[in-house]
Amino acid sequence: MKKIFSVAALAILLSACSNNAKEEAMIKQQAIVAVKDSLRLDSFKRADAVEKERIAQVKEEEIKTARIREEKRTLLLAERNDAAERRSNSSSSSSNTVATPAKKKGWSQAAKGAAIGAGAGAIGGILVDKNNARGAIIGGVVGAGTGYVIGRGQDRKSGRVQPKN
Numbered sequence: 024m025k026k027i028f029s030v031a032a033l034a035i036l037l038s039a040c041s042n043n044a045k046e047e048a049m050i051k052q053q054a055i056v057a058v059k060d061s062l063r064l065d066s067f068k069r070a071d072a073v074e075k076e077r078i079a080q081v082k083e084e085e086i087k088t089a090r091i092r093e094e095k096r097t098l099l100l101a102e103r104n105d106a107a108e109r110r111s112n113s114s115s116s117s118s119n120t121v122a123t124p125a126k127k128k129g130w131s132q133a134a135k136g137a138a139i140g141a142g143a144g145a146i147g148g149i150l151v152d153k154n155n156a157r158g159a160i161i162g163g164v165v166g167a168g169t170g171y172v173i174g175r176g177q178d179r180k181s182g183r184v185q186p187k188n
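In my numbering, the protein residues as written are 24 to 188.
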């Protein structure tokens with residue numbers, strides 16, 4: 024009975040005096056991880072705020088640049104109008120000659136397109152049709168027409184020809 028009692032007392036003593044060091048270490052580890060996570064989150068929030076501020080500054084600069092560009096454009100147009108008005112006033116008072124605008128040199132895009140299209144169409148017509156002459160003529164005409172239409176569109180975009188109304 025003494026042996027049973029002593030074994031039971033020893034078991035109770037060991038269970039009562041168990042070391043909670045592992046649990047405490049685990050709690051400390053979790054607390055450290057939580058603090059690190061909160062610091063990371065805070066740094067991400069700060070980085071996000073800095074990025075938003077930078078984007079706002081870029082947008083503001085773009086707006087300023089657009090305003091400056093528009094002001095320059097307006098001033099340039101006003102200067103052109105003033106110069107044209109002065110020219111018309113001086114030319115009408117001194118003589119009745121009309122100043123002709125400077126002609127643009129070189130081939131227009133329409134002419135280039137027609138020439139290239141005619142050549143390519145003629146070659147394509149020869150390759151496709153059994154009768155070489157007929158194929159070259161048909162292909163050349165179709166290619167020239169297509170090239171002219173495409174080139175004329177490019178001339179309109181570049182301002183060489185006035186666009187359709």
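C-beta atoms are modelled at their ideal positions from N, C-alpha and C, and glycine is treated no differently. Keep in mind it's a predicted model, so treat the numbers as computed, not measured.
- Item | From Ala145, Gly170, Gln132, Gly144, residue whose alpha carbon lies closest to that of arginine 179 | Walking along the sequence shown from the start, residue 179 turns up at place 156. Closest by alpha carbon: Gln132.
- Per DSSP, what kind of secondary structure is valine 184 in: helix, strand or coil? Residue mapping note: residue 184 aligns to position 161 of the sequence shown, counting from 1. Correct three-state label for valine 184: coil.
- Query: Could you check where the alpha helix (DSSP H) with glycine 142 kicks off and where it finishes?
  - Reply: By one-based count along the sequence shown, residue 142 stands at place 119. Start and end: 132 to 151.
- Query: Going straight from the alpha carbon of glycine 140 to that of lysine 187, what length do you get?
  - Reply: Numbered from 1 along the sequence shown, position 117 holds the residue referred to as residue 140. Numbered from 1 along the sequence shown, position 164 holds the residue referred to as residue 187. Distance between the alpha carbons of glycine 140 and lysine 187: 23 Å.
- Message: Determine whether the beta carbon atoms of alanine 145 and glycine 168 lie at a separation below 8 Å.
- Response: Within the sequence shown, the letter at position 122 stands for residue 145. Within the sequence shown, the letter at position 145 stands for residue 168. No, Cβ-Cβ distance for alanine 145 and glycine 168 is not below 8 Å.
- Inter-residue spacing [alpha-carbon to alpha-carbon] between alanine 54 and aspartate 65: Start at 1 with the first residue of the sequence shown, and residue 54 comes out as number 31. Start at 1 with the first residue of the sequence shown, and residue 65 comes out as number 42. Spanning the two alpha carbons is a distance of roughly 16 Å.
- Item | Burial state of alanine 156 (16 or more Cβ within 10 Å) | Position 133 of the sequence shown holds residue 156. Alanine 156 comes out exposed.
- Query: What whole-angstrom Cβ distance do isoleucine 149 and alanine 159 have, given they're in contact under 8 Å?
  - Reply: Walking along the sequence shown from the start, residue 149 turns up at place 126. Walking along the sequence shown from the start, residue 159 turns up at place 136. Contact between isoleucine 149 and alanine 159 holds: CB atoms are separated by about 5 Å, below the 8 Å threshold.
- Who are the Cβ neighbours of valine 184 in its own chain at under 6 Å, not counting the five residues just before and after it? Stepping through the sequence shown from its first residue, residue 184 is reached at position 161. Asp178.
- In the structure shown, what three-state DSSP assignment does methionine 49 receive? Residue numbering aside, residue 49 sits at position 26 when the sequence shown is read from its first letter. Correct three-state label for methionine 49: helix.
- Under a three-way DSSP split, which group does lysine 128 fall into? For the purposes of this step, residue 128 is taken as residue 105 along the sequence shown, with counting starting at 1. Lysine 128 falls in the coil class under three-state DSSP.
- For glycine 162, does the count of other Cβ atoms within 10 angstroms reach 16, so buried, or fall short, so exposed? In the sequence shown, the residue the question calls residue 162 occupies position 139. Result: buried.
- Expected contact under 8 Å - CB spacing of alanine 137 and glycine 170 to nearest Å: Here the question's residue 137 lines up with position 114 in the sequence shown. Here the question's residue 170 lines up with position 147 in the sequence shown. Yes, they are in contact, since the Cβ atoms of alanine 137 and glycine 170 sit about 5 Å apart, within 8 Å.
- Query: Helix, strand or coil for asparagine 154 per DSSP?
  - Reply: Counting from 1 along the sequence shown, the entry for residue 154 is found at position 131. Coil.
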